[in-house]
Amino acid sequence: MATLLYRLGRASLRRRRLVVAVWLVVLVGLGVAAATLKGPTASNFTMPGTESQQALDLLAERFPAASGATGTIAVKAPAPGQLGTPEGQAVVGQVVQEAAALPGVVGAVDPFQVQALSPDGRYALVQVQFAEGADAVTDEQREAYEKVGAQAEAQGWQIAPGGEVLNAEPEVGSTEALGVLVAAIVLVITFGSLVAAGMTMLNALIGVGVGMAGLFALSGVVELTSTAPILALMLGLAVGIDYSLFITSRHRQNLLDGLEPDEAVGRAVGTAGSAVVFAGATVVIALAGLAVVDIPFLTVMGLAAAGTVTVAVLVAITLAPALLGFAGRRVLPRKLRGREAVESPATGSEDRSGFGFRWAHWVTKLRVPVILVGVLGLGLLALPAQDMRLALPDAATAPEGTPARVSNDVIREGFGPGFTGRLAVVVTSDSPQTTQAAVPQVTALIQRTENVLAVAPPQVDPSGRTALLGVIPKTGPTDAATETLVNDIRAEVGSIGGAQVLLTGVTAIGIDVSEKLTDALPVYLLLVVGLSILLLMLVFRSILVPVKAALGFLLTVAATFGITVWVFQQGNLAGLVGLDTPGPLISFLPILLIGILFGLAMDYEVFLVSRMREDFVHGDTAHQATINGMGHGARVVTAAALIMISVFGGFVFLDDPVIKSMGFALAVGVAIDAFVVRMTIVPAVMSLLNNSAWWLPRWLDKVLPNVDVEGEGLRAHLDREPANV
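Under UniProt numbering, think of the first position of the sequence shown as 1, with each following residue one higher.
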């Protein structure tokens, strides 16, 4: 691999104008395709095979009028009892008429007809039925819906439109640009050169542009969830900057060692580029592996992010060498650009006084206490993860002041939390008589179930074969008691003969999604850990090094879960991250976090440990090789980690709590894995294992292919062909 990439790096530099032109053409072409072919993103989370999804599919087939998105307009009078006056009834009637006349609305239900009134006569609920699902509701229709009741509000009434129809795509604004700005500052400090920092950033931004344009171009034929592009952007930026950083850093070192620019680039791509390809492959495999879970929206998210990471790798090993060719020696600090500075012994000699070498000496000297403190500390941080609860987000955790949150708060204030997460029971059969006979039985069984507040009268389709019952729980959508209620209702009504009874609704869908993801989590974790051991065994020709890497990854994941639960679920220090209301974590966060952190953790493992193996193979003792690996890699890995933390951390400032929690968890996970696990625990364990770290049975050594990530084969190739130097 290293030899092939060496040739690719030299070729990219020599044909740099062609390489840059090709990437710019690809960027513009995909940009045009994205602008013309871009399709809408989905804000719903479908789950084929679950009862809630079966019920929705059935409604769409037999009762289409009730299968569209729903809205709930909360009406609050200026004073208690005012709804009972003629003036109050007129105000509510006007709101109902406005809602029914909206474009895309099938009808609106008068709260006086269905008694959707609070006992104190101050609150009312207007149910609005849209013809299409939430994702098909246009922005214009949504804006018109949000403006309902303007005349009533002028009279002192509070009109708060809400419901699933307000589910919209989270917007990426200017706040995450702060993360990119911090990343740029880190690059300038690391390189000491604006040219090197600017080129690295430009390289990453072109890669992100290509990846995102390609993703949006495909969105016309592939349904993307609203969070998929944001995840792809988040990962594409982070790994794009990091991968370019690694190659540029090795290229600069090669220049300082006296190599010509084309040879310096070739060797940089052959060595650091090999690690980039392997690290990128682990991220892609882990993200693509989400397809194993067999959950469509998660599969699309994983593949979308994997696509941007793939582009980041291709850009790093082709466009980066080309841009480095244009820069020449300007990628070096100004004082080191002259040939006399490069050729001087002082410049070429190895400086072992840096922080990386000092840190490595200290960690290996105190290896046992370091390991104990590190493992116990991460174990303590992981403790809150025991109480982790998963759910799909509801309006109760939406940012304060948003229409969805205001409506949710008014409904809770006037009616209780159960009215914000209604359940829907579908009763269907082949004959109207059977359905008509089953509805009273189902109603009676549900009414006697614990935690049920009320059961609404049934809505029946024109054929009389399908009926829809509304069930109002006493507790909110994400409450553990509501999850118990869903399971209890399904157990109660499953015995109705002659009719099929299915429970659905936004709340039930969220519970089904969470349960399926929770069941899939151990399987996926086992898959990822097993994959990491196998891949690292190929790279490092060792058994203990991969096992140690996998155990370190598990420590990272556990501690990250613990801290995220402590902040986002339990609400500790929530104000620091701009979280208005704590609540359960988004259902797919743990499994997504495992996939992403696995790849990023392997990044740092490869960049640090591959140098340790390289020096060990070339004659250093295991102890000295560990110190060398840390000494040479600490600065670059620190910069790479700070960049990733900055990019991920920039998304914490978005209002959307889902994106906020994803950015926070990824930033914390990278910080823990880079600074605690890879740069502290790993060298301590490597020092403790000594020569045993590199033990591999002979039979296994013969079976495993040699991928040559550290460039040992490239050195032999260059020794045989000195003319290439």
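The C-beta atom is built at its ideal place from N, Cα and C for all residues, glycine as well.
For residue i, which residues from the same chain have a beta carbon less than 8 Å from its beta carbon, with the 5 sequence-adjacent residues on both sides left out?
i, result
"residue 153", "159"
"residue 325", "12, 13, 14, 16, 261, 262, 265"
"residue 441", "496"
"residue 534", "546"
"residue 375", "555, 681"
"residue 705", "538"
Once DSSP output is grouped into helix, strand and coil, what is the label at residue i?
i, result
"residue 453", "strand"
"residue 558", "helix"
"residue 634", "helix"
"residue 459", "strand"
"residue 158", "strand"
"residue 106", "strand"
"residue 573", "coil"
"residue 725", "Any answer about residue 725 is weak, because its pLDDT of 42 lies below 50 and its placement is not dependable; what the coordinates show is given next. In the structure shown, residue 725 sits in coil (DSSP, three-state: anything other than H, G, I, E or B)."
"residue 15", "coil"
"residue 586", "strand"
"residue 696", "coil"
"residue 117", "strand"
"residue 279", "helix"
"residue 679", "helix"
"residue 578", "coil"
"residue 69", "coil"
"residue 398", "coil"
"residue 295", "coil"
"residue 706", "coil"
"residue 259", "coil"
"residue 147", "coil"
"residue 448", "coil"
"residue 194", "helix"
"residue 137", "coil"
"residue 249", "helix"
"residue 8", "helix"
"residue 1", "coil"
"residue 615", "helix"
In the DSSP assignment, what are the bridge partners of residue i?
i, result
"residue 80", "Paired residue(s): none; residue 80 is not in a bridge."
"residue 125", "74"
"residue 428", "466, 500"
"residue 540", "The partner list for residue 540 (beta bridge, DSSP) is empty, contrary to what the question assumes."
"residue 747", "For the chain, the structure presents residues 1 to 725; residue 747 sits outside this window and is missing."
"residue 224", "41"
"residue 423", "471"
"residue 130", "105"
Give me, in chain order, the residues of the same chain whose beta-carbon lies closer than 7 Å to that of residue i; leave out the 5 immediate sequence neighbours on both sides.
i, result
"residue 269", "5, 6, 8, 9, 247, 317, 321"
"residue 184", "197, 201"
"residue 313", "243, 276, 277, 280"
"residue 367", "684, 687, 688"
"residue 140", "none"
"residue 670", "600, 641, 644, 645, 648"
Please determine whether the Cβ atom of residue i lies at a distance below 6 Å from any heavy atom of the ligand FMN.
i, result
"residue 146", "Absence of the ligand FMN is noted for the structure shown, with no ligands found whatsoever."
Between which residues of its own chain and residue i is the CB-CB distance below 6 Å, once the five residues before and five after are set aside?
i, result
"residue 603", "279"
"residue 238", "644, 647"
"residue 438", "427, 496, 499"
"residue 628", "615"
"residue 56", "504"
"residue 526", "none"
"residue 216", "34, 38"
"residue 292", "none"
"residue 179", "646, 647, 649, 650"
"residue 378", "555, 559"
For my contact list, residue i and residue j are in at a C-beta cut-off of 8 Å; report their separation, rounded to the angstrom.
i, j, result
"residue 476", "residue 436", "With 8 Å as the limit, residue 476 and residue 436 do not qualify as a contact, their Cβ atoms being about 33 Å apart."
"residue 626", "residue 364", "6 Å"
"residue 397", "residue 163", "Not confirmed; about 16 Å, so no contact."
"residue 181", "residue 212", "Between residue 212 and residue 181 the Cβ distance is about 19 Å, and since that is not below 8 Å, they are no contact."
"residue 488", "residue 450", "7 Å"
"residue 466", "residue 63", "5 Å"
"residue 98", "residue 149", "7 Å"
"residue 290", "residue 599", "No, residue 290 and residue 599 are not in contact; Cβ-Cβ is about 12 Å, not under 8 Å."
"residue 75", "residue 199", "About 59 Å separates the two Cβ atoms, so there is no contact after all."
"residue 395", "residue 420", "7 Å"
If you measure from the beta carbon of residue i to each beta carbon in chain B, is any gap under 7 Å?
i, result
"residue 667", "No chain B appears in the structure shown, which is made up of a single protein chain."
Contained alpha helix (DSSP H) runs [length at least 4] in the stretch 307-394, N- to C-terminal order:
Runs of the alpha helix (DSSP H) inside the stretch 307-394: 339-343, 345-348, 355-365, 367-382.
Taking the runs of the alpha helix (DSSP H) that are 4 residues or longer, which of them lie wholly in the stretch 473-529?
Every alpha helix (DSSP H) of 4 residues or more that sits fully in the stretch 473-529 is shown, in chain order, as 480-493.
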